[in-house]
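Written below as structure tokens is the structure these notes are about.
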């Protein structure tokens, strides 16, 4: 994305529980917004980052764009086969070039959308997977998506990516939006493991520290003819699949993994190394969130019903055991954190 100074917005929000007579209401929210840190980057045509959002319909419309690769394999049309990185290069940049506005503000310049949901995702995911995960999440938005929010062309020095991000991560667009967002949506796909991306794990950790709910949603194309089931396993769950490997923030990267560290990665690493617990604190926080997700699926009526339907099939693994094993693996890693 760009270059940040080594300051970090990870201080937890006031975590004291309100009394029964002090429930959070609209007035409290307004007070919180007044006390929010001012944005330290460059605005887009006098609009701050909170108004660089897109709607769900606009996210889905991109799949229909002729520049978004559409493959037909065995008479099955696969829309959105482009990766997010290609969407930015082939659609977002040509569309917005010379305007000084990101794709979100470009589409909504007459009535800018105020972000309610920050989306954490990887640029190497298939756009189809990204958009379907957003749909499955069942969240209305509007959505703050970095690829669509930031002005990407780098053709106007006064609105460069570096200037939009600003010199201080604590007052950059990410921190600014996160302070006001209702929730963060972490998009997990099989096409790219977001837990290996430095920005993604960092964003999730900051959201958790601020008390912003982080909701994980994934999407994967099922194996043809398997109806989403492989030996009783829910193969359409990249979040469960990802838990097979431990979160390793220290090994996560920004940009192309085969290239040297870029400015983003250097700044984020410096920030992490200055905070209590460093990389391990992030690893532990995200593992706990993944455990919460796995337990929620295991306890769900949907999984119980699926297990019941599969119980009479021979040589079929109980899908509940798949999640129990995943939970066991994550719990064992959390025990190691506690021992250190």
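Residue numbers (our numbering): 141 to 480.
In this text, a Cβ means the ideal position worked out from N, Cα and C, and glycines have one as well.
Looking at the strands, I want to know which residues DSSP matches up with residue i.
i: residue 358; result: 328
i: residue 187; result: 184
i: residue 257; result: 283 and 323
i: residue 433; result: The partner list for residue 433 (beta bridge, DSSP) is empty, contrary to what the question assumes.
i: residue 223; result: 266
i: residue 194; result: 283
i: residue 337; result: 393
Less than 8 Å between the CB atoms is what I'm expecting for residue i and residue j, so what's the real figure, rounded?
i: residue 281; j: residue 256; result: 6 Å
i: residue 243; j: residue 331; result: Rounded, the Cβ-Cβ distance is 21 Å, inconsistent with contact.
i: residue 188; j: residue 316; result: 7 Å
i: residue 412; j: residue 418; result: 6 Å
i: residue 360; j: residue 354; result: So it is not a contact: roughly 20 Å between Cβ atoms.
i: residue 287; j: residue 227; result: 7 Å
i: residue 104; j: residue 241; result: Residue 104 lies beyond the stretch modelled for the chain, which goes from 141 to 480, so this question has no answer here.
i: residue 202; j: residue 320; result: Contact doesn't hold; Cβ gap of about 25 Å is too wide.
i: residue 407; j: residue 309; result: 7 Å
In angstroms, rounded to a whole number, what distance separates the CA positions of residue i and residue j?
i: residue 377; j: residue 431; result: 14 Å
i: residue 369; j: residue 251; result: Its pLDDT being 42, under 50, residue 369 is placed unreliably by the model, and nothing is read from it.
i: residue 290; j: residue 350; result: 23 Å
i: residue 193; j: residue 323; result: 14 Å
i: residue 139; j: residue 296; result: Because the chain here runs from 141 to 480, residue 139 falls outside it and cannot be looked at.
i: residue 205; j: residue 199; result: 11 Å
i: residue 104; j: residue 448; result: An answer regarding residue 104 cannot be provided, because it is not within the stretch 141 to 480 covered by the chain.
i: residue 439; j: residue 433; result: 10 Å
i: residue 301; j: residue 456; result: 51 Å
i: residue 184; j: residue 304; result: 8 Å
i: residue 478; j: residue 416; result: 15 Å
i: residue 450; j: residue 437; result: 17 Å
i: residue 159; j: residue 352; result: Because residue 159 carries a pLDDT of 42, less than 50, the predicted location of this residue cannot be relied on, and no value is offered for it.
i: residue 344; j: residue 260; result: 7 Å
i: residue 452; j: residue 463; result: 19 Å
i: residue 460; j: residue 442; result: 11 Å
i: residue 195; j: residue 480; result: 44 Å
i: residue 385; j: residue 422; result: 15 Å
i: residue 401; j: residue 410; result: 12 Å
i: residue 398; j: residue 454; result: 45 Å
i: residue 294; j: residue 264; result: 20 Å
i: residue 246; j: residue 387; result: 36 Å
i: residue 468; j: residue 335; result: 19 Å
i: residue 234; j: residue 181; result: 23 Å
i: residue 258; j: residue 476; result: 31 Å
i: residue 222; j: residue 299; result: 27 Å
i: residue 329; j: residue 238; result: 33 Å
i: residue 292; j: residue 272; result: 24 Å
i: residue 356; j: residue 325; result: 6 Å
i: residue 186; j: residue 178; result: 14 Å
i: residue 314; j: residue 466; result: 32 Å
i: residue 499; j: residue 446; result: With the chain covering 141 to 480 only, the question about residue 499 has no answer from this structure.
i: residue 274; j: residue 414; result: 34 Å
i: residue 396; j: residue 444; result: 41 Å
i: residue 358; j: residue 405; result: 25 Å
i: residue 470; j: residue 236; result: 43 Å
i: residue 225; j: residue 380; result: 25 Å
i: residue 197; j: residue 209; result: 19 Å
i: residue 232; j: residue 207; result: 10 Å
With 8 Å set as the bound, which would you pick, yes or no: does the beta-carbon of residue i sit closer than that to a beta-carbon of chain C?
i: residue 193; result: Checking the listed chains, one finds no chain C in this structure; it contains a single protein chain.
Runs of alpha helix (DSSP H) wholly within the stretch 368-427 (minimum 4 residues, chain order): Those alpha helix (DSSP H) runs which fall completely within the stretch 368-427 and span 4+ residues are 378-382 and 403-414.
Inter-stretch contact (C-beta, 8 Å, three-pair minimum) for the stretch 337-351 and the stretch 382-396: Yes: at least three Cβ pairs fall under 8 Å.
What runs of the alpha helix (DSSP H), each 4 residues or longer, lie entirely inside the stretch 277-322? DSSP runs (the alpha helix (DSSP H)) wholly in the stretch 277-322: 286-289, 301-305 and 313-320.
In chain order, which continuous runs of the alpha helix (DSSP H) of length 4 or greater are located wholly inside the stretch 434-475? As for any alpha helix (DSSP H) of minimum length 4 sitting wholly inside the stretch 434-475, the runs are 441-450, ordered along the chain.
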